[in-house]
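S.K.: Letter by letter, the sequence shown follows residues 4 to 187 of our numbering.
Have a look at the structure that comes next, please.
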Amino acid sequence: MTEEKASSEILLNENSKTMKISIPASMAFSSMLRDFIGSLISRDTKFSSKWRHRIQLMADELINNAIEHGSSPGKPVKIAITIYKNDDIEISVEDTWTWIKKTSAEDLIWKAKINREAMTLDPLSNKSIRWRWLAMIVLNWSDDFSYENSPSWWLVAKIFKKFTTDCQETNEEKLKPDFNFLIS
């Protein structure tokens, strides 16, 4: 088995900046990426601490799913984080689908939406641990979530969060200490 090496690339244009990261499929990278994404959001956007943590959790869910279900150990997982000039953020995670039974993007989005609908009606309806976080966190907190079939790889999971006044730090939140500096 050939193990991939981690790599990164930064793309800048007049409307956005994108950080592309490729990692070998390993949970060892999960917490580092979560912290890195949090640092980017803190440094380069006006999202509140609450929304920074929510975006970190959404990205973490997509990255962990790609590592756990999408790519064989050591095969690449590609992450792209785009921050727009208006502070909107998009995160995409692409896997190689070399691990478990292949399913189409359409089937996966249908399954996530069905789980979300069921759990909205009855939060205890999902008796397994599967799909719970994707259905309740990503679908509820992102403004757009999609799976796409990729011609070069297999699956791309994308989240988009629009920066709105609801995402800004309130005066009350500004007075609370933010301990994120401990990991930055």
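Ideal Cβ placement from N, Cα and C applies to all residues, glycine included.
(1) Determine the direct distance from the alpha carbon of T21 to that of K8, and round the result to whole angstroms.
(2) Going by DSSP, name the residue or residues bridged to A83.
(3) By the three-class DSSP mapping on this structure, what secondary structure does S51 have?
(4) Between the beta-carbon of A108 and the beta-carbon of E151, is there less than 7 Å?
(5) In chain order, what residues of the same chain lie with their CB nearer than 8 Å to the CB of S153, ignoring the 5 residues before and after it?
(6) Considering only residues of the same chain and omitting the five flanking positions on each side of E93, which have a CB-CB separation below 6 Å?
(7) Based on DSSP bridge pairs, tell me the residues matched to I13.
(8) Terminal residues of the continuous beta strand (DSSP E) containing V141?
(9) For a test of the three-state rule: what should DSSP assign to S78, helix, strand or coil?
(10) Based on the DSSP secondary-structure assignment, which residues constitute the bridge partners of A160?
(11) For a test of the three-state rule: what should DSSP assign to D169, helix, strand or coil?
(12) Could you tell me the distance, in whole angstroms, from the CA atom of P27 to the CA atom of D169?
(13) Have a look at D38 and A121 and give me their C-alpha separation to the nearest angstrom.
(14) With a threshold of 8 Å on Cβ separation, who are the neighbours of S33 within its own chain once the five nearest residues in sequence on each side are excluded?
(15) My output table needs one value for S155: the three-state DSSP class, helix, strand or coil.
(16) Could you check what DSSP says for N242 in three-state terms: helix, strand or coil?
(17) Measuring only the C-alpha atoms, how far is S187 from L142?
(18) Below 6 Å CB to CB, which residues in the same chain sit around I24 once its five sequence neighbours on both sides are set aside?
M.R.: With the given structure in hand:
(1) Position 5 of the sequence shown, counted from the start, is the residue given in the question as residue 8. Position 18 of the sequence shown, counted from the start, is the residue given in the question as residue 21. If I take the Cα positions, the gap works out to 20 Å.
(2) Along the sequence shown, one-based indexing puts residue 83 at 80. According to DSSP, which records beta bridges pairwise, A83 is partnered with K23 and S95.
(3) Mapped onto the sequence shown, residue 51 falls at position 48. Looking at S51 - three-state DSSP - the assignment turns out to be coil, as it is neither helix nor strand.
(4) Numbered from 1 along the sequence shown, position 105 holds the residue referred to as residue 108. Numbered from 1 along the sequence shown, position 148 holds the residue referred to as residue 151. One thing to note: A108 has its Cβ within 7 Å of the Cβ of E151.
(5) Position 150 of the sequence shown holds residue 153. Closer than 8 Å at the Cβ level, and outside the excluded window around S153, lie E97 and V159.
(6) As a position in the sequence shown, residue 93 is number 90, starting the count at 1. The residues are T85 and F163.
(7) Locating residue 13 in the sequence shown gives position 10, counting from the first residue. Answer by DSSP bridge pairing, in chain order: M22.
(8) Reading the sequence shown from its first residue, position 138 is the one you call residue 141. No beta strand (DSSP E) contains V141, which DSSP labels as neither H nor E.
(9) Working through the sequence shown from its first residue, we reach residue 78 at position 75. One point to set straight first is that residue 78 is Lys, not Ser, in the sequence displayed. In this structure, K78 counts as coil in the three-state DSSP scheme.
(10) Locating residue 160 in the sequence shown gives position 157, where the first residue counts as 1. Answer by DSSP bridge pairing, in chain order: V96 and Y150.
(11) Sequence index remark: in the sequence shown, residue 169 carries index 166 (1-based). Under the three-state reduction of DSSP output, D169 falls in the helix class.
(12) For the purposes of this step, residue 27 is identified with residue 24 of the sequence shown, where counting begins at 1. For the purposes of this step, residue 169 is identified with residue 166 of the sequence shown, where counting begins at 1. If you take the alpha carbons of P27 and D169, they lie about 36 Å apart.
(13) Within the sequence shown, residue 38 is the residue found at index 35, counting from 1. Within the sequence shown, residue 121 is the residue found at index 118, counting from 1. Taking the straight line joining both Cα atoms gives about 32 Å.
(14) For the purposes of this step, residue 33 is taken as the residue at position 30 of the sequence shown. Listed in chain order, the non-local C-beta contacts of S33 below 8 Å within the same chain comprise D63, I66, N67 and I70, local neighbours out to five positions each way being set aside.
(15) One-based indexing of the sequence shown puts residue 155 at position 152. Of the three classes helix, strand and coil, the one that applies to S155 here is coil, per DSSP.
(16) No statement about residue 242 is possible, as the shown extent of the chain runs from 4 to 187 and does not include it.
(17) Counting from 1 along the sequence shown, the entry for residue 187 is found at position 184. Counting from 1 along the sequence shown, the entry for residue 142 is found at position 139. Any reading at S187 is ruled out, since the residue's pLDDT is 47, under 50, leaving its predicted position unreliable.
(18) The residue labelled residue 24 in the question sits at position 21 within the sequence shown. So the list reads S11 and I82, once near-sequence residues are dropped.
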